[in-house]
Amino acid sequence: MLTAVLDYVGVATFAMVSTVGARDRGLDPVSSALLATVAGVGGGTLRDLLLDRPVFWLAAPGYLYVCAGAAALVWFVGAGPRRRATLLVLDASGISAFAVVGALIAREEGVVAPVAVVMGILTATCGGILRDVLAGERAVLVRKDVYVTAALLSAVAFVVAVEAGLPRVPAAVGGAVLGTVLRVLAITLGWRMPAPPRWG
Amino acid sequence: MLTAVLDYVGVATFAMVSTVGARDRGLDPVSSALLATVAGVGGGTLRDLLLDRPVFWLAAPGYLYVCAGAAALVWFVGAGPRRRATLLVLDASGISAFAVVGALIAREEGVVAPVAVVMGILTATCGGILRDVLAGERAVLVRKDVYVTAALLSAVAFVVAVEAGLPRVPAAVGGAVLGTVLRVLAITLGWRMPAPPRWG
Amino acid sequence: MLTAVLDYVGVATFAMVSTVGARDRGLDPVSSALLATVAGVGGGTLRDLLLDRPVFWLAAPGYLYVCAGAAALVWFVGAGPRRRATLLVLDASGISAFAVVGALIAREEGVVAPVAVVMGILTATCGGILRDVLAGERAVLVRKDVYVTAALLSAVAFVVAVEAGLPRVPAAVGGAVLGTVLRVLAITLGWRMPAPPRWG
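Chains as they are written, first to last, in the working numbering: chain U, 1 to 200; chain H, 201 to 400; chain P, 401 to 600.
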């Protein structure tokens with residue numbers, strides 16, 4: 001239940017944000033819907049393949065409907081500047097929700113804590129990275145966004161909280177909120193990740 | 201048997217078309233053969249991983265020989281303008297064959313119809329997309345080709361025909377022909393996918 | 401034991417070489433560590449997914465620590481020109497080690513010899529290719545490096561030696577050394593892969 005709610009939040013927001021980008025580049029509705037699906041379910045699909053679980057959307061076509069619906073909505077109706085600000089916050093919450101759900105599922109599958117954190121990061125970032133790669137977009141990794149770091153924070157906060165004995169629901173919500181706040185603050189205040197030091 | 205025939209058609213044409221592109225960019229024979237293999241078996245591999253079936257070429261090395269042979273043939277012998285026209289038609293039939301076989305296998309694995317359509321699209325398009333990405337080529341998704349849409353048509357036509365009670369073989373052949381005709385017509389007549397409407 | 405040693409050699413060198421590239425492009429430490437992890441464990445992960453084995457680093461977080469540690473070391477301490485020459489040799493040995501270990505594991509899983517060679521090539525090259533793609537780097541495949549060919553040589557040498565009755569350890573070491581020597585010679589002497597012949 002908790003993972004399904006977090007999953008739907010992440011899938012829907014990723015599909016919408018992806019379609020804003022696809023639309024800006026003039027993509028047609030079918031390709032936009034395919035990219036929205038890749039962005040929406042890609043990270044969780046990788047997580048399920050790595051953990052050798054059934055891929056989550058195979059038995060739950062609702063996820064695909066959400067992707068197609070979100071893509072159609074944004075493609076036909078559009079998203080002005082005001083809606084974009086909302087989408088950025090939604091995107092940040094999607095990243096954080098996926099980071100938590102990835103770590104949570106990995107822990108349930110008996111994976112040790114540090115590996116669960118990595119699984120959270122992959123779940124959160126791989127959908128968006130894959131979409132950028134497929135669309136020929138400059139990968140988010142080489143921008144100095146607080147992106148992977150927000151996923152890292154959410155996953156670590158959740159895993160540490162659960163290890164410390166906190167119940168799952170508050171740990172998950174807390175982890176997701178922390179990562180969201182970090183990313184929204186970073187975008188609002190223009191925080192950038194540090195560049196490497198000069199060679200000694 | 202039906203799936204094997206469709207699979208070999210798709211694998212061979214994708215490997216040949218891929219090597220035409222690799223050759224144009226001056227790639228060496230070994231890298232060309234690797235790209236031909238990725239293009240040929242990539243989509244079906246993703247399909248098998250998602251459906252948790254044994255990857256189809258593991259127990260059937262014939263697929264790899266076809267990829268290597270097709271790559272060697274095109275790399276050493278070449279393909280003039282006339283052969284390219286033939287290859288474009290073959291490529292269109294490969295996409296459509298893969299879309300049908302992806303949907304067919306997904307249905308056999310007990311997947312619901314809409315998810316089977318998505319599986320058909322992924323099987324048909326991911327090999328080519330992956331090859332473009334690995335070769336640093338401009339991804340087919342951002343061109344306005346009737347590409348994903350041809351795969352969509354083939355997969356939908358096949359699934360609907362089978363649901364309507366048609367036997368598998370005519371449904372498969374019909375679906376594959378429909379997508380092929382659409383894509384060949386689109387290339388011949390210069391049809392482009394629609395751009396998004398301006399923001400309201 | 402043999403596969404673990406070869407795996408650790410490959411993972412550590414790939415993570416370090418990847419971070420040299422990430423650092424040159426100004427990436428932040430967290431993204432650099434993610435790319436180092438993708439480069440280090442990506443090829444072996446694909447191999448395990450294709451062979452339907454448990455992904456090797458899930459139960460052995462040591463691989464992730466090696467990736468993170470290698471990334472941190474190179475990112476903070478750096479790598480001058482002299483260290484880069486060392487890294488190039490290490491990289492060549494990593495490619496060859498991965499090619500051997502991929503073929504070896506595939507054979508242990510009962511895969512026929514030609515497919516095992518392909519599995520060796522994929523294990524050796526996909527981590528680096530994936531990293532290039534994610535980082536928006538020009539893919540190694542379109543440079544005329546002796547890269548895929550070195551992996552091919554190592555995998556073929558190992559498989560042929562084992563088929564000929566040689567024990568596994570000398571066959572593995574011999575295969576890995578052959579590929580390493582080929583790639584280091586190619587870089588030192590400026591060997592390039594052949595361009596395709598002109599169209600007949």
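Glycine is no exception: its CB is placed at the ideal position from the N, C-alpha and C atoms.
For residue i, three-class secondary structure by DSSP
i               : result
E309 of chain H : coil
D345 of chain H : coil
D428 of chain P : coil
G502 of chain P : helix
G62 of chain U  : helix
A164 of chain U : coil
A395 of chain H : coil
A151 of chain U : helix
M416 of chain P : helix
A572 of chain P : helix
R331 of chain H : helix
A390 of chain H : Correcting the residue type first, residue 390 of chain H is Gly in the shown sequence and not Ala. The answer is coil: DSSP assigns G390 of chain H none of H, G, I, E or B.
R338 of chain H : coil
Min CB distance residue i to chain H below 8 Å
i               : result
R538 of chain P : yes
P170 of chain U : no
R23 of chain U  : yes
S18 of chain U  : no
W125 of chain U : Going by the sequence as given, residue 125 of chain U is Thr instead of Trp. No, no contact with chain H.
V577 of chain P : no
T13 of chain U  : no
T403 of chain P : no
L58 of chain U  : yes
L552 of chain P : yes
L64 of chain U  : yes
Cα-Cα separation between residue i and residue j, rounded to whole angstroms
i               : j               : result
V318 of chain H : A215 of chain H : 23 Å
V177 of chain U : L185 of chain U : 12 Å
A68 of chain U  : A36 of chain U  : 7 Å
A99 of chain U  : V156 of chain U : 9 Å
G280 of chain H : A412 of chain P : 46 Å
P261 of chain H : P167 of chain U : 50 Å
G442 of chain P : G528 of chain P : 8 Å
E337 of chain H : V162 of chain U : 45 Å
R482 of chain P : L488 of chain P : 10 Å
A259 of chain H : A92 of chain U  : 44 Å
G444 of chain P : V266 of chain H : 25 Å
L522 of chain P : L534 of chain P : 17 Å
A195 of chain U : Y147 of chain U : 15 Å
V111 of chain U : R398 of chain H : 48 Å
A471 of chain P : R284 of chain H : 46 Å
A503 of chain P : A524 of chain P : 10 Å
V474 of chain P : G421 of chain P : 10 Å
G26 of chain U  : L141 of chain U : 23 Å
I305 of chain H : D424 of chain P : 46 Å
A313 of chain H : R307 of chain H : 7 Å
K344 of chain H : L290 of chain H : 20 Å
Any C-beta of chain P under 8 Å from that of residue i
i               : result
F135 of chain U : A small fix is needed here, since residue 135 of chain U is Ala in this sequence, not Phe. No, its Cβ sits nowhere closer than 8 Å to a Cβ of chain P.
F276 of chain H : yes
P54 of chain U  : no
P29 of chain U  : no
P114 of chain U : yes
T45 of chain U  : no
L141 of chain U : yes
L250 of chain H : no
L273 of chain H : no
Min CB distance residue i to chain U below 8 Å
i               : result
G528 of chain P : no
I387 of chain H : no
A395 of chain H : yes
S493 of chain P : no
T455 of chain H : Coverage of chain H is limited to positions 201 through 400, which leaves residue 455 of chain H absent and any answer about it impossible.
L435 of chain P : yes
V318 of chain H : yes
G426 of chain P : yes
P461 of chain P : yes
Buried/exposed call for residue i, threshold 16 Cβ in 10 Å
i               : result
L352 of chain H : buried
G375 of chain H : buried
P54 of chain U  : exposed
A204 of chain H : exposed
L189 of chain U : exposed
L251 of chain H : buried
T180 of chain U : buried
Minimum length 4: unbroken alpha helix (DSSP H) runs contained in the segment 434-491 of chain P: 462-477
Under 7 Å, CB to CB, which of the residues in the segment 487-511 of chain P have a partner in chain C? The structure shown has no chain C; the protein chains it does contain are U, H and P.
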